[in-house]
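Asker:
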Amino acid sequence: MIRHLGKSLIAASIGCTMALSPATMASEKTLNIYNWSDYIAEDTIANFEAETGIDVRYDVFDSNEVLEAKLLSGKSGYDIVVPSSDFMAKQIKAGVFKELDKSKLPQWSNLDTELMALLETYDEGNKHAFPYLWGTTGIGYNPDLVNKYLGEDAPTSSWDLVFDVNNISKLSQCGVAFLNAPSEIMPAALRYMGLDPNSVNKADYKKAEELLMKVRPHITYFHSSRYISDLANGDICVAVGWSGDVLQASDRAYEAENGVTVEYTIPDEGAGMWFDMLAIPKDADNVDEAYAFLNYLLQPEVIADISNYVAYASPNKESVPLVDEEIRENPGIYPTEAAKKNLYVFSVLPPKIDRVINRSFTKVTTGQ
Ligand code: N2P
0 MIRHLGKSLI
10 AASIGCTMAL
20 SPATMASEKT
30 LNIYNWSDYI
40 AEDTIANFEA
50 ETGIDVRYDV
60 FDSNEVLEAK
70 LLSGKSGYDI
80 VVPSSDFMAK
90 QIKAGVFKEL
100 DKSKLPQWSN
110 LDTELMALLE
120 TYDEGNKHAF
130 PYLWGTTGIG
140 YNPDLVNKYL
150 GEDAPTSSWD
160 LVFDVNNISK
170 LSQCGVAFLN
180 APSEIMPAAL
190 RYMGLDPNSV
200 NKADYKKAEE
210 LLMKVRPHIT
220 YFHSSRYISD
230 LANGDICVAV
240 GWSGDVLQAS
250 DRAYEAENGV
260 TVEYTIPDEG
270 AGMWFDMLAI
280 PKDADNVDEA
290 YAFLNYLLQP
300 EVIADISNYV
310 AYASPNKESV
320 PLVDEEIREN
330 PGIYPTEAAK
340 KNLYVFSVLP
350 PKIDRVINRS
360 FTKVTTGQ
């Protein structure tokens with residue numbers, strides 16, 4: 000809310016001081032962006048608007064499933080969307096995206112070539128998208144509260160913290176949030192049990208469901224964005240959440256000087272690593288404006304600013320030296336090579352397995 004207000008104030012003041020610039024006069028051009036919540040610097044859109052004269056409508060979501068439903072239902076009304084790579088792969092097959100014209104993206108070569116090669120497993124030839132930011136799905140926690148309820152040797156670097164009933168039942172006194180993200184929570188449960196996080200075996204998901212059903216009574220809520228402020232305010236003590244969001248919670252608490260500290264951990268058993276991809280829906284109305292925005296994001300300074308603000312890792316190798324040392328050297332954001340070995344990426348699963356995952360997870364979240 001505060002950020003939103005800040006953004007419109009900045010936009011308003013730019014509007015005033017630049018009232019006569021050609022950029023602001025030609026304001027017929029519009030661009031509709033649908034991005035994850037808490038996933039952009041507070042001035043990125045205002046700066047882009049001031050530089051290009053394009054009017055941006057910026058909407059947010061906090062779930063791949065929500066974005067997917069919009070994309071598959073026909074006209075989404077968006078010119079730029081940001082699915083995670085595994086979801087994107089299925090959406091490409093469904094014919095949802097335009098092929099990118101790379102001749103219109105001269106700074107494409109700023110993207111990390113190793114990462115682009117990995118992303119070819121989702122989109123051969125990197126034809127439809129490039130990565131915006133990437134991160135991991137791990138555990139955010141408030142060390143003071145966790146120690147209060149579990150003692151000094153609480154297993155804060157293990158999934159035991161939330162998947163062992165003894166622990167989570169005690170932590171439920173200070174509040175435990177889980178992402179409302181079947182495609183990330185089920186793999187974490189599988190990995191915890193020593194099973195393949197990308198299993199295609201239905202029986203494995205039954206086991207994951209049983210594990211989740213056991214801990215479920217102690218989970219305060221399933222939600223994929225509310226935990227940021229709740230962690231920051233000390234209203235919950237643990238969240239299975241996304242790296243940058245947890246670190247944003249930590250920053251907010253620090254700025255509020257409320258005595259709350261928040262840490263992020265990639266559990267020792269391993270964690271999921273995902274890549275959020277920028278793509279243009281086939282039916283986008285404002286394609287030139289979409290390219291203008293994609294080019295804007297390919298600028299090292301622009302994406303470095305965003306990475307600094309949201310605490311997610313940038314796939315733009317030219318931007319990394321521009322990222323604050325504090326972010327660049329935070330192993331929760333840019334995992335060490337050793338930690339990377341423990342990370343798994345999400346495979347594109349057969350539709351029938353996706354259905355099993357969604358059904359199981361719904362049973363868990365509804366408790367039925
Ligand atoms: C940002 C969420 C990160 C995206 N709030 C998870 N793929």
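Position 63 (the sequence shown) corresponds to 62 in numbering that gives the first Met the number 0; numbering is contiguous.
Positions of the beta carbon are idealized from the N, C-alpha and C atoms, including for glycine.
1) CB of G243 to nearest heavy atom of the ligand N2P: below 7 Å?
2) What would DSSP say about S83, mapped onto helix, strand or coil?
3) According to DSSP, simplified to helix, strand and coil, what is G240?
4) Measure the C-alpha to C-alpha separation of I235 and M276 and round it to an integer number of angstroms.
5) Does the Cβ of Y38 lie closer than 7 Å to at least one heavy atom of the ligand N2P?
6) For V319, name the three-state secondary structure that DSSP assigns.
7) For L71, count neighbouring C-beta atoms within 10 Å of its own C-beta (all shown protein chains included) and say buried if the count is 16 or more, exposed if not.
8) Report the partner residues of I138 according to the DSSP bridge assignment.
9) Is P349 buried or exposed, if buried means 16 or more other CB atoms sit within 10 Å of its CB?
10) To the nearest angstrom, how far is the alpha carbon of V347 from that of L293?
11) DSSP state of M185, grouped into three classes?
12) Check each candidate in I184, V199 and D203 and name the one with the smallest Cα separation from G193.
13) Which runs of the alpha helix (DSSP H) at least 4 residues long sit entirely within the stretch 21 to 50? Give them in chain order.
14) Indicate whether P105 and F360 have their beta-carbon atoms separated by less than 8 Å.
15) Suppose you measure from the CA of A128 to the CA of K101; what does that come to, to the nearest Å?
16) According to DSSP, is F360 part of a helix, a strand, or is it coil?
17) Cβ atoms of T260 and P142: under 8 Å apart, would you say?
Answerer: Let me lay it out:
1) Flag set: Cβ of G243 near the ligand N2P.
2) Annotated three-state conformation of S83 is strand, per DSSP.
3) In this structure, DSSP gives G240 an extended state, which the three-state scheme calls strand.
4) Roughly 30 Å separates the two Cα atoms.
5) Flag set: Cβ of Y38 near the ligand N2P.
6) Three-state result, V319: helix.
7) When all chains shown are included, L71 counts as exposed.
8) BP columns for I138 point to V239 and T264.
9) P349 is exposed by the Cβ-count criterion.
10) Distance between the alpha carbons of V347 and L293 is about 25 Å.
11) Residue state, collapsed to three classes: helix.
12) Comparing alpha carbon positions, the residue from I184, V199 and D203 closest to G193 is D203.
13) Runs found: 21 to 24.
14) Inclusion of P105 and F360 in the CB contact set at 8 Å is not warranted, their separation being larger than that value.
15) Spanning the two alpha carbons is a distance of roughly 10 Å.
16) The three-state reading of DSSP puts F360 in helix, counting H, G and I together.
17) The answer is yes: Cβ separation under 8 Å.
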